[in-house]
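Student: Residue numbers (full-length UniProt numbering): 1 to 533. Where is the CB? At the ideal position from N, CA and C, for every residue including glycine.
1. Does DSSP classify residue 237 as helix, strand or coil?
2. Whose C-beta lies closer than 8 Å to the C-beta of residue 368 among residues of the same chain, with five residues either side of it excluded?
3. What's the gap between the Cα of residue 536 and the Cα of residue 195?
4. Quick test of your reading: residue 51 and residue 172, contact by CB under 8 Å. State the CB separation rounded to the nearest angstrom.
5. Under three-state DSSP, which class holds residue 308?
6. In terms of residues, what are the limits of the alpha helix (DSSP H) holding residue 257?
7. What's the C-alpha gap between residue 135 and residue 199?
8. Determine contact between the segment 160–172 and the segment 302–316, defined as no fewer than three beta-carbon pairs at a distance below 8 Å.
9. For residue 261, which residues in the same chain have their Cβ closer than 7 Å to its Cβ, ignoring the five residues on either side in sequence?
10. So, under 8 Å CB-CB, residue 512 and residue 89 are touching, yes? Tell me the CB distance rounded to an integer number of Å.
11. What is the residue span of the alpha helix (DSSP H) that residue 215 lies within?
12. Considering only their Cβ atoms, is the gap separating residue 61 from residue 138 smaller than 9 Å?
13. DSSP state of residue 369, grouped into three classes?
14. Relative to the C-alpha of residue 284, which residue among 79, 65, 330 and 532 is closest?
15. Tell me which residue opens and which closes the alpha helix (DSSP H) that residue 336 is part of.
16. Helix, strand or coil: how does DSSP classify residue 501 here?
17. Who are the near neighbours of residue 402 in its chain, counting only those whose CB is closer than 6 Å to its CB and skipping five residues on each side?
18. When the Cα of residue 411 is compared with those of 100, 126, 105 and 48, which residue comes out closest?
19. Between which residues of its own chain and residue 29 is the CB-CB distance below 7 Å, once the five residues before and five after are set aside?
20. Would you check if the distance between the CB atom of residue 479 and the CB atom of residue 426 is smaller than 9 Å?
21. Helix, strand or coil for residue 507 per DSSP?
22. Would you list the residues sitting across from residue 619 in a DSSP beta bridge?
23. Cβ-heavy atom distance between residue 263 and the ligand FMN below 8 Å?
24. What is the DSSP secondary structure of residue 26, reduced to helix, strand or coil?
25. Taking DSSP as the reference, what is the three-state secondary structure of residue 272?
26. Quick one: residues in its chain with C-beta nearer than 7 Å to the C-beta of residue 69, no 5 flanking neighbours on either side, listed in chain order?
27. Quick one: what does DSSP say residue 51 is sitting in, helix, strand or coil?
28. Go ahead and label residue 507 buried or exposed: buried means 16 or more other beta carbons lie within 10 angstroms of its beta carbon, across all protein chains shown.
29. When the Cα atoms are used, what is the spatial distance from residue 276 to residue 254?
30. Can you look up residue 155 in the DSSP assignment and give me helix, strand or coil?
31. First and last residue of the alpha helix (DSSP H) that includes residue 97?
32. Work out the CA separation of residue 414 and residue 440 for me, nearest whole Å.
33. Pick helix, strand or coil for residue 40, following the three-state DSSP scheme.
34. So, with DSSP's three-state summary, where would you put residue 491?
35. Could you round the C-beta distance between residue 82 and residue 519 to whole angstroms and report it? I think they count as a contact, below 8 Å.
36. Quick one: what's got a C-beta closer than 7 Å to residue 86's C-beta in the same chain, skipping five residues either side?
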């Protein structure tokens, strides 16, 4: 009873506060709906970035991977801080200078409309076929594990999965489609607070459970029993071998935090470069702290449940249900629901933005006013939401949902990121070769993934993440070489759109430097290099 009360109370509290803070917002213009009126401050940006990332594919998937492999999977969290540093110092100033709402819009200005169209379609297809279904599936797994819905209802696992997926999808769609980006950002911050507090409490109570009520004994157990689980260095047979941190793992993190529309759309809504940089760097510090939420619980669950034979992706939900007191279970579950909805509605809002501004306005209705553009996004949002809800349960057969996500991400992360990097570094690179790189990169990576003999050779001789790094280098090299052979007639000039104040945050370099040092300290503190030899 106390669990349901605290769950209902926190959920209602977030809804009421979000409504009161956004009821007077401008949802009638494209900028107001898709970018929050370019009014987001550093705190809102940081909170929204964090909670969009602290989604169930992370909570369930990354903790599941930690359950299986240990602390080396922290690379997906700690290396992210490096991506956020580069976003704040290099990418964000250039994005805000362009006055854009989407990454494809930037590429359209840098190259031409064909480049914008190709990247828009790639993003939309990837979000609809990969990201949205994974968010719904992992959200359903988390909720059904915490509430033990199968036991409560007597329904079979498949029925519970389908029902929970559709519940999350419908509620998340209402949030995103009705409210727009600022509503998403405000609810993100509120739910983010609950998720951080609840996530830390799961680690605390989990360690206590490991020590049979004694926290210090629990820490000693973590340190001495299966000490290999606390090694930050991945061995050659693990999912994140150490040297892949400098190739594919780094590139996937760089794309995710500096080019992924779903994540960085909230930075485009910053009211100034200063506030945008604050938000991005703050998020970097929060990402490092998120180890307590996204990695340690999986290791604790391994110590508690490895003998029980539970599925790795069920470890986090089982731990939360078992160690949290009933009132806190309801509180955390409400925050978990918030995280699920945040991830889904953020991805949905970004997909609608891409469609409305990248497809509908330029191709389907060039004379559309803001009201028509917004309406097109809402209609498209409902269509893709229903499609995603229909295919999400089909992911139930994956051994590790997080590894599946990273593999599928590579298909489009690497080609798009290579074009963005070259577009910013070279003033002479042409649209023809940018478009070639987008298509060629996708085809080459798809062949490496889906042709069995080639996939087997890569796994034995190269590793998938090194393969992604190699493709990235080849694509960048191709575009730079061709920029010298057949360059633009006139070098590209990056004009200031004059949308926001571009004065940088005075402390950005200092804050970024300290963050990088913290990352290095964490790796040194938990490193056991013996696994490399």
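Tutor: Let me lay it out:
1. Residue 237 falls in the coil class under three-state DSSP.
2. 360, 361 and 376
3. Within the shown structure, residues of the chain are numbered from 1 to 533, placing residue 536 beyond reach of any answer.
4. That belief does not hold up - the Cβ atoms of residue 51 and residue 172 are roughly 13 Å apart, past 8 Å.
5. Residue 308: helix per DSSP, three-state reduction.
6. The continuous alpha helix (DSSP H) containing residue 257 extends over residues 248–258.
7. 18 Å
8. no
9. 102, 103, 123, 350 and 354
10. 6 Å
11. 215–224
12. Closer than 9 Å, so yes.
13. coil
14. 79
15. 326–355
16. Residue 501: strand per DSSP, three-state reduction.
17. Correct list, in chain order: 61, 62 and 65.
18. 126
19. Because the pLDDT at residue 29 is just 45, under 50, the model does not fix this residue reliably, and the point stays unresolved.
20. yes
21. coil
22. The chain is shown only over 1 to 533; residue 619 falls outside these bounds and no answer can be derived.
23. Inclusion of the ligand FMN in the displayed structure is not the case, the ligand content being empty and no account of it being possible.
24. Its pLDDT being 46, under 50, residue 26 is placed unreliably in this model, and the coordinates cannot settle the point.
25. strand
26. 238 and 239
27. Residue state, collapsed to three classes: helix.
28. exposed
29. 17 Å
30. coil
31. 92–98
32. If I take the Cα positions, the gap works out to 11 Å.
33. strand
34. coil
35. Taking a contact as a CB-CB distance under 8 Å, the pair residue 82 and residue 519 counts as one, their CB atoms being some 7 Å apart.
36. 254 and 258
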